[in-house]
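Report on one structure; see the data block that follows.
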Amino acid sequence: MKEFEPVPARPAPDKTVGPLAWMKENLFSSLLNSLVTLAVMALLVYYIPPVLDWAFFSANWQGTSEDACVREGACWVFVNAWSYQFFYGTYPVEEIWRINLMLVLLALVILASFTLPKHIRLKASVIAWLVLPLVGIALLDGRLLGLPVVSTDLWGGFTLNVFMAAASIIVAFPFSFLWALGRRSNMPFIRSVSVIFIEFFRGVPVLSLFFMGSVMLPLFFAEGTNVDKLIRVWIVLIFFMSGYMAEVFRGGFAAVPSGQYEAADSIGLSYWQKIMLIILPQVIKVSLPNILATFVMLFKNTTFLLIIGIPEVVQTLQTALSNSYWLGGHALEGYLFVFLVFWSSCFSMSLLARRIERQMNTDKRD
Amino acid sequence: MRKKDILAITTLAATLTAGAASVQAATLDDVKSRGTLTCGVSTGLAGFSEKDENGKWSGLDVDVCRSVAAAVLGDADAVQYKPLTAKERFTALVSGEVDMLSRNTTWTHTRDTSLGINFAGTNFYDGASFMVMKDLGVSSALELDGANACIQAGTSTELAIADFFRQHGMSYKAVTFDTSDQTRQGFESGRCDFLTSDGSQLAALRVGLSNPANAVILPEVISKEPLGPVVRQGDDQWFNIVKWSLNAMIEAEEQGVTSANVDDKLANGNPANKRLLGGEGELGANLGLESNWAYNIVKQVGNYAESFDRNVGMDSPLKLERGLNASWKNGGIMYSQAMR
């Protein structure tokens, strides 16, 4: 008996596959579309070559001083010569391993908090996160570990942005959780204090908070006490962040079904057992995307520290631009560099955030 | 959890608190026991306080900090620089965060009398002035009748230039810009005939032009901006030290003492040289310092002329003329009170 042989599938007609068909379908489907496509292409052809030429082909790459910038294009020599300052500030070169070690630790803790085995992950990573700022400050300052002291006025550059953002969000985390609980409390006093705190720090621009930290706060201290400027703005950042994060957590609390609270009550758990064992894990899961978004916002806000003279990366750039040996107008190159650094770190953070979300999304798979 | 965190923050703040400098106590003792001078400088101003690629501070204002450190501690490098913005500078000084301020601060009556601070002298006489393109063929500001002016909005220069033109019965048209960078571009593209700003800023703006040699700064200075170091009120000894450290630099120039010939002058110079450098008399002891205080200043920082040339003068990219800042012996007004 002759076996049935299906006719082999024929390739799709030429008109519907391949780049030509794609272009016809997507770029030239109508007269208007064709015109728009042509106009956009003309614009690209007109503008892209000069930009590429400026940024790459006639740019200056080699050298250490402004005199090396003889060609028409961008003076990347400027960024290159100042790159150490842009990243590390004036931190002494021989102590730079401390900053690098700190960055590695930060990366390790991030990695650990979603690769450790499940049964120890939560506890281990919470402890690691809370210990990290203390270890970081001890390491960078050096006093507690018997290393040479590096005073805070030498800290600077992009790593300072990273540390200020990381250290303040980590410390703000437990605080903001408490503020959010306070806002949901039945006790009128605690509730109103929490509401006032949260709304004050959410309603005031971070710039004016920085000014208060740097200009007004010292006037309130007893004469003779002199709290470091970086510590003052760090505390300000912690307050600011805990206000914002408290609202993020409040959303998380609201998203947990009331059946969960009732179930916990019905088996006789105490208030704190209920919160820590039943509610908090669910709240964190729900709020994680918003927490990471808030962190990205805070990270970018650290550049505002420049208005009170903290040498973070943009302030360092402005200092570099006012150096009398670099007065030839390198602002464009400098700000492009800062833009690239910030964009790449924020973009990788949102990639990471998406990954964590997927991992934590255990109950509602889509 | 909350208690623990509060505790953590307070202990951290305590450990990082910079050596609790008491405002009441003598600043001199604080500086000596700390071993460094904390000096408030600008976050970046070409020629006055600027940082280089290696994080090293230099400039005319920075040299005042260095000279005080040399006089008090014998080491001009024993300075901790605190970059301050214009708004926070006086708070930082009054609250004791810095021992002194050398941050191109204009000495005005209001500041001197109402802020609890004292100006310890003038290390740069600045003032609004004019820059024109060479091919305009103008050699004096009085020839600028009817010209267009590039001005940065919201600066005190705006007022000074209006007064100047009204006083001389001339007219001008203002083209205002927001930042100094835009002002420079406006000037360079020919939007206006002259650019006006403080003399020290003009020099920096000129270096940024694509061809600095095409522009000249006119000789007229139309407003008074005496810039100088500042200390807290209520510590007269420290006030004297800062005042006379600056005077020592100026006096050294008047006497022709430089960092190169200072050893020779100490050994073989005239009585005035020896008095200044500590070979005779007790100028140092009167200030509470070592007798070689001024020797250290001149040896490690240089006299005022050396500092000026190195930072803003002919040996620097800014190429500022001495002008008003020349020694009174050379027709300027830079003058030290008598060193005896």
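Here the protein sequences come in this chain order: P and E. Plus 288 on top of the position in the first sequence (first one is 1) and you've got my numbering. Plus 958 on top of the position in the second sequence (first one is 1) and you've got my numbering. Cβ coordinates follow ideal geometry from the N, Cα and C atoms, glycine included.
From the beta carbon of residue i, is the nearest beta carbon of chain E less than 9 Å away?
i: Trp417 (chain P); result: no
i: Thr304 (chain P); result: no
i: Trp370 (chain P); result: yes
i: Pro493 (chain P); result: no
i: Met648 (chain P); result: no
i: Leu427 (chain P); result: no
i: Gln350 (chain P); result: no
i: Pro599 (chain P); result: yes
i: Met311 (chain P); result: no
i: Thr403 (chain P); result: no
i: Phe361 (chain P); result: As written in the sequence, residue 361 (chain P) is Gly, which differs from the Phe given in the question. So no, Gly361 (chain P) is outside the interface.
i: Val602 (chain P); result: no
Are the CB atoms of residue i and residue j nearer to each other than 9 Å?
i: Val521 (chain P); j: Met564 (chain P); result: no
i: Val584 (chain P); j: Leu594 (chain P); result: no
i: Phe528 (chain P); j: Phe587 (chain P); result: no
i: Asn1172 (chain E); j: Lys1092 (chain E); result: yes
i: Ala1230 (chain E); j: Val1220 (chain E); result: no
i: Leu580 (chain P); j: Met648 (chain P); result: no
i: Leu231 (chain P); j: Val1165 (chain E); result: Residue 231 (chain P) lies beyond the residue range present for chain P, which begins at 289 and ends at 654; the question has no answer from this structure.
i: Ala362 (chain P); j: Leu628 (chain P); result: no
i: Ser473 (chain P); j: Ser464 (chain P); result: no
i: Ala1111 (chain E); j: Asp1136 (chain E); result: yes
Quick check: the Cα distance between residue i and residue j, rounded to an integer number of angstroms?
i: Val339 (chain P); j: Trp310 (chain P); result: 29 Å
i: Leu391 (chain P); j: Ile384 (chain P); result: 11 Å
i: Asn1081 (chain E); j: Asp1010 (chain E); result: 22 Å
i: Thr447 (chain P); j: Ala330 (chain P); result: 42 Å
i: Gln561 (chain P); j: Gln1038 (chain E); result: 51 Å
i: Ala1029 (chain E); j: Lys990 (chain E); result: 11 Å
i: Leu326 (chain P); j: Tyr334 (chain P); result: 12 Å
i: Ala1118 (chain E); j: Leu428 (chain P); result: 48 Å
i: Ser502 (chain P); j: Asp1033 (chain E); result: 30 Å
i: Ile523 (chain P); j: Met533 (chain P); result: 15 Å
i: Asp1121 (chain E); j: Leu1003 (chain E); result: 27 Å
i: Gly491 (chain P); j: Leu497 (chain P); result: 11 Å
i: Asn1261 (chain E); j: Val1215 (chain E); result: 7 Å
i: Leu1094 (chain E); j: Gly1104 (chain E); result: 13 Å
i: Val358 (chain P); j: Tyr613 (chain P); result: 15 Å
i: Asp302 (chain P); j: Pro296 (chain P); result: 17 Å
i: Ser456 (chain P); j: Pro421 (chain P); result: 9 Å
i: Gly998 (chain E); j: Pro599 (chain P); result: 14 Å
i: Pro307 (chain P); j: Ala300 (chain P); result: 14 Å
i: Met1207 (chain E); j: Leu1278 (chain E); result: 19 Å
Could you confirm whether any beta carbon from chain P is found closer than 9 Å to the beta carbon of residue i?
i: Ala984 (chain E); result: no
i: Leu1042 (chain E); result: yes
i: Gly1227 (chain E); result: no
i: Pro1275 (chain E); result: yes
i: Gly1127 (chain E); result: no
i: Leu1282 (chain E); result: no
i: Gln1258 (chain E); result: no
i: Tyr1039 (chain E); result: yes
i: Asp1010 (chain E); result: yes
State the start and end residues of the unbroken beta strand (DSSP E) segment that holds residue i.
i: Met1089 (chain E); result: 1086-1091
i: Asp1156 (chain E); result: 1152-1156
i: Thr1063 (chain E); result: 1058-1064
i: Gln1038 (chain E); result: 1037-1042
i: Pro1229 (chain E); result: That residue, Pro1229 (chain E), is in no beta strand (DSSP E); its alpha helix (DSSP H) goes 1229-1235.
i: Gly998 (chain E); result: 995-1000
i: Pro1184 (chain E); result: 1183-1190
i: Pro421 (chain P); result: No beta strand (DSSP E) contains Pro421 (chain P), which is instead part of the alpha helix (DSSP H) from 406-429.
i: Phe1077 (chain E); result: 1075-1077
How far does the alpha helix (DSSP H) with residue i in it reach, from first residue to last?
i: Pro569 (chain P); result: 568-589
i: Ile1134 (chain E); result: One detail in the question is off: residue 1134 (chain E) reads as Thr in this sequence, not Ile. Note, Thr1134 (chain E): premise wrong, no alpha helix (DSSP H); beta strand (DSSP E) at 1130-1135.
i: Thr447 (chain P); result: 445-471
i: Glu1212 (chain E); result: 1194-1213
i: Ala1313 (chain E); result: Past the edges of chain E, shown from 959 to 1298, lies residue 1313 (chain E), and the structure says nothing about it.
i: Glu1178 (chain E); result: Premise fails: Glu1178 (chain E) lies in the beta strand (DSSP E), 1173-1179, not in any alpha helix (DSSP H).
i: Tyr334 (chain P); result: 319-340
i: Cys634 (chain P); result: 619-648
i: Thr604 (chain P); result: 601-609
query = Three or more beta-carbon pairs under 8 Å between the region 1074-1094 of chain E and the region 538-546 of chain P, yes or no?
reply = no
query = Taking contact to mean at least 3 C-beta pairs separated by less than 8 Å, is the region 1042-1060 of chain E in contact with the region 1275-1290 of chain E?
reply = no
request  = Say whether the region 1238-1255 of chain E touches the region 1191-1201 of chain E, bearing in mind that this needs 3 or more beta-carbon pairs closer than 8 Å, one atom from each stretch.
outcome  = Short answer: they touch.
query = Is it true that the region 367-387 of chain P meets the region 405-416 of chain P, where meeting means three or more beta-carbon pairs spaced less than 8 Å apart?
reply = no
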